[in-house]
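Heads up, the sequence shown stops at 562 in the numbering used here, and the numbers go up one at a time, no gaps.
Here the structure is laid out as structure tokens; the discussion comes afterwards.
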Amino acid sequence: MRIPSKSKIVGVGIIVIAAICAFKFYREKEHYKGIKDQYKNKQGSLQDQVYQYESKIKQLNDKDIENQMIIRDLNDKIRVLQNEKSAILHKIIKFEEERQNFEQSKEERKILVENIRDNMSVIKSNLKEFKEVISSLDNHVSQLENKNN
Numbered sequence: 414m415r416i417p418s419k420s421k422i423v424g425v426g427i428i429v430i431a432a433i434c435a436f437k438f439y440r441e442k443e444h445y446k447g448i449k450d451q452y453k454n455k456q457g458s459l460q461d462q463v464y465q466y467e468s469k470i471k472q473l474n475d476k477d478i479e480n481q482m483i484i485r486d487l488n489d490k491i492r493v494l495q496n497e498k499s500a501i502l503h504k505i506i507k508f509e510e511e512r513q514n515f516e517q518s519k520e521e522r523k524i525l526v527e528n529i530r531d532n533m534s535v536i537k538s539n540l541k542e543f544k545e546v547i548s549s550l551d552n553h554v555s556q557l558e559n560k561n562n
């Protein structure tokens, strides 16, 4: 007895598998043909349901478009508010810088006023001394004039 070659075995296997698949396909085709006939009877009601669903889908699409427009408007408002927030923060920073400059100039003025007061006190003191010296010189000049007369 001769052993068949591998290629013959594979060929026979493929033919058997093809026959099994064809048989299953035929069975399923017949099964689905019966189901198709059942659904043909229900087609009218399904078309009504499809129309209702399409109508609902259209309504939802319209609502979706409306919602997208609302979202776009809200995003625009958010951008405006963010720009306003940025402008306000910029103004706050400017105000804080001006306040710090004002505080610094206030301190500088305070120091300047103290220096002026100190200088005035020195000048006052010097004026008193000059007054005393002038008074002394005036007395001395008066005495000299009296002697010369």
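Every residue gets a Cβ at the ideal spot worked out from N, C-alpha and C, and that includes glycine.
Distance from the CA of I483 to the CA of E510, rounded to the nearest whole angstrom, comes to 40 Å. For K455, the secondary structure class from DSSP, reduced to helix, strand or coil, is coil. At a cut-off of 4 residues, not a single continuous stretch assigned as alpha helix (DSSP H) sits fully inside the stretch 467-510.
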